[in-house]
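Student: The sequence shown: position 206 = 287 (the numbering used here), numbered continuously. Glycine included, every Cβ here is placed at the ideal spot set by N, Cα and C. Before we start, here is the structure in question, set down as structure tokens.
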Amino acid sequence: MPEKTEEKKEGKSEQNELFDFNALLDKHLYRESKPKTVGRYYPSEVGSCLRKTWFSFKFPIEFDAEKRRIFETGNILHEYVVHVFKSGKTPEVELLKSEMPFVMNCGDFVVSGRVDDVLLVKTSGKTILVEVKSAARMPRGPSKHHAAQLQFYMHATGVHNGALLYIEKNTLNSIVYSVAYDERAAQDGIQRFAVLHKALLEDAAPEPEAKTHADMRWWCDYCEYAERCSATKTGAASGVACGAPETTKCPPASSQTEVKEEKKEETAEAKKPATSAWSSPKPKQTKLGF
Ligand code: SF4
């Protein structure tokens, strides 16, 4: 028996001597992070804890190898969905765009960049913005944070039909939820950028958002700034309390973007007031032709 264990060990070490794919992958995925500029924000930052984003400007750190691999898994699944739609075997869904660059000018700040996890498709005569989300396990329902993020994207692109497509990583099972556009919920997203911008200009940390919302608290377990966050008081960087800024209005950005989709009529449902900073109409599970 001990001999067998020895053999196994030897076999294992021989494999590792050939090459270490973990190391190769980490080298492949490594990108030097670019310094961030106050006043220029990425669209995807709307969905993160505000304080975490604030830290990423003030105290930039490189993502570790594990996080890069997780992001890459999301990219691979996104590409896979694109591949399925481009295969010619899904005529019921036409892929219009697989990348969504946009620029939205909001007065003294700009939200710009490529939205990586969003696709534009046409199905059942409707043009739909689809946000692709990979998940370790199929969610029981749509995340309100994902829905709120999609509201912002819908506003920014002027495409007012949205859907969340969740794909389970190890089975490729999927589920689609439709999200009705709600201008007020979209404005909440813009307001988040306005709060972030003001907090950065005033050098005052925003509230620890994820810690103070029960459904976001798990984000803190994966936050690279957790220690710093515990040692930081709200508004503590300069002693200035970071209050909410004046309401910021950004025009729906279809005229500012490359997306020139026709505006769809807003339904009465879409005009209902949102009830919280991250609220949005409850998404429905739907077939949407796919
Ligand atoms: S620890 Fe939590 S509340 Fe603090 S910055 Fe990170 S995610 Fe936000």
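Would you check whether the ligand SF4 has a heavy atom nearer than 7 Å to the C-beta of R121?
Tutor: The residue given as residue 121 occupies position 40 in the sequence shown. No, Cβ of R121 sits at least 7 Å from all heavy atoms of the ligand SF4.
Student: Do you know how far the Cα of G316 is from the Cα of E280?
Tutor: Counting from one through the sequence shown, the residue named residue 280 turns up at place 199. Counting from one through the sequence shown, the residue named residue 316 turns up at place 235. Before going on, a small fix: residue 280 reads as Ala here, not Glu. Each residue's alpha carbon lies about 8 Å from the other.
Student: Give me, in chain order, the residues of the same chain whose beta-carbon lies closer than 7 Å to that of Y247; leave out the 5 immediate sequence neighbours on both sides.
Tutor: On the sequence shown, residue 247 is found 166 positions in, with the first residue counted as 1. Taken in chain order, the residues that qualify are K214, A216, M219, P220, S255 and I256.
Student: Buried or exposed, going by whether 16 or more other CB atoms sit within 10 Å of the CB of D269?
Tutor: Within the sequence shown, numbered from 1, the residue matching residue 269 stands at position 188. Buried, because 16 or more other Cβ atoms sit within 10 Å of the Cβ of D269.
Student: For H278, which residues from the same chain have a beta carbon less than 6 Å from its beta carbon, with the 5 sequence-adjacent residues on both sides left out?
Tutor: The residue labelled residue 278 in the question sits at position 197 within the sequence shown. The answer, listed in chain order, is F190.
Student: Jot down the residue ranges of each uninterrupted alpha helix (DSSP H) in the segment 89–137, minimum 4 residues, whole runs only, in chain order.
Tutor: DSSP runs (the alpha helix (DSSP H)) wholly in the segment 89–137: 102–110.
Student: In the structure shown, what three-state DSSP assignment does G155 receive?
Tutor: Within the sequence shown, the letter at position 74 stands for residue 155. G155: helix per DSSP, three-state reduction.
Student: What residue from V119, E153, M297 and A229 has the CA that sits closest to R265's CA?
Tutor: As a working mapping, residue 265 is identified with position 184 in the sequence shown. Ranking the options by Cα distance to R265, first place goes to A229.
Student: Using a Cβ-Cβ distance cut-off of 8 Å, determine whether E147 contacts chain C.
Tutor: As a matter of chain content, chain C is missing from the structure shown, which is built from one protein chain.
Student: CB-CB under 6 Å to T313, same chain, minus the five flanking residues each way: which ones, in chain order?
Tutor: If you number the sequence shown from 1, residue 313 lands on position 232. These residues qualify, in order along the chain: A286.
Student: Check whether the Cβ of P289 sits closer than 7 Å to any heavy atom of the ligand ADP, and report yes or no.
Tutor: Here the bound small molecules are the ligand SF4; the ligand ADP is not part of this structure.
Student: Is the beta carbon of C331 within less than 7 Å of some heavy atom of the ligand SF4?
Tutor: By 1-based counting over the sequence shown, the position of residue 331 is 250. No, the beta carbon of C331 sits no closer than 7 Å to any heavy atom of the ligand SF4.
Student: Closest by CA to H236, which one among T134, D263 and L253?
Tutor: The count along the sequence shown starts at 1 and reaches residue 236 at position 155. Selected option, being the one with the closest Cα: D263.
Student: Determine the burial state of L105: buried for a count of at least 16 other Cβ atoms within 10 Å of its Cβ, exposed for fewer.
Tutor: The residue you call residue 105 lines up with position 24 of the sequence shown. Result: exposed.
Student: What number of angstroms, rounded off, separates the C-alpha of E98 from the C-alpha of S125?
Tutor: Within the sequence shown, numbered from 1, the residue matching residue 98 stands at position 17. Within the sequence shown, numbered from 1, the residue matching residue 125 stands at position 44. Approximately 40 Å between the Cα atoms of the pair.
Student: With distance defined between alpha-carbon atoms, name the residue in E175, T252, G243 and R112 nearest to A267.
Tutor: In the sequence shown, residue 267 corresponds to position 186, counting from 1. Nearest C-alpha to A267: G243.
Student: Taking the C-alpha atoms as reference points, what is the distance between R149 and P172?
Tutor: Translated into positions along the sequence shown, residue 149 becomes position 68. Translated into positions along the sequence shown, residue 172 becomes position 91. So the alpha carbons of these two residues sit roughly 34 Å apart.
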